[in-house]
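S.K.:
In the numbering used here, the protein residues as written are 219 to 426.
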């Protein structure tokens, strides 16, 4: 087969191997092209999953989508960076799949795109949020203290106390999801941390 193909040609093809050890370089070019095509639309899939939180109140006064919008709106109105605001918007996106570790799901989604301090903030926010209610459930509200010397400790305290724990107000005028879409699309278009990026910071796409 001719090894010189553009991605449009490669997207019309599929590999034929049944085991990776039998694959050819050209077949991996096909797969890389398909993967690049899929990755280009990751923002819309993330937003679609976020919408699944709508209607699920979990016993709170607002549903989980409204809580996410309210958290992001509060961060936006406090003049936080777009990256911070997107983290605020997506911090609970794992609620429907990760009943025991929702914060890890959000962190995994955001990891290729955000700074280490914002990633840590999202990854640890459930522990820091516990300061506000763990003692009512027989848990240690000061669980966050184990991280007191971490560089992002104060950042995460601020996120939970100023934006997250306050975002259950049914009378708050949250911004609609549509207003956050450009920031989400911009962030997810620029991965910086992935084993699938080459030395130039690009995802191999199959094109010669």
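Backbone N, C-alpha and C define an ideal beta-carbon position, used for all residues, glycine too.
1) Can you check whether the CB of residue 287 is closer than 8 Å to the CB of residue 392?
2) Identify the continuous alpha helix (DSSP H) that holds residue 379 and give its terminal residues.
3) With H, G and I counted as helix, E and B as strand and the rest as coil, what does DSSP make of residue 294?
4) According to DSSP, simplified to helix, strand and coil, what is residue 359?
5) Return helix, strand or coil for residue 386, following the three-state DSSP convention.
6) Classify residue 238 as buried or exposed, calling it buried when 16 or more other Cβ atoms lie within 10 Å of its own Cβ.
7) How about residue 255 and residue 301: do their beta carbons lie closer than 8 Å?
8) Taking Cβ positions, are residue 385 and residue 292 nearer each other than 8 Å?
9) Ignore the nearest five residues each way along the sequence and tell me which others in residue 268's own chain have a CB closer than 8 Å to its CB.
M.R.: Taking the coordinates as given:
1) yes
2) It is not in any alpha helix (DSSP H) - residue 379 carries neither H nor E in the DSSP assignment.
3) helix
4) coil
5) coil
6) exposed
7) no
8) yes
9) 283, 286, 307, 308, 311 and 395
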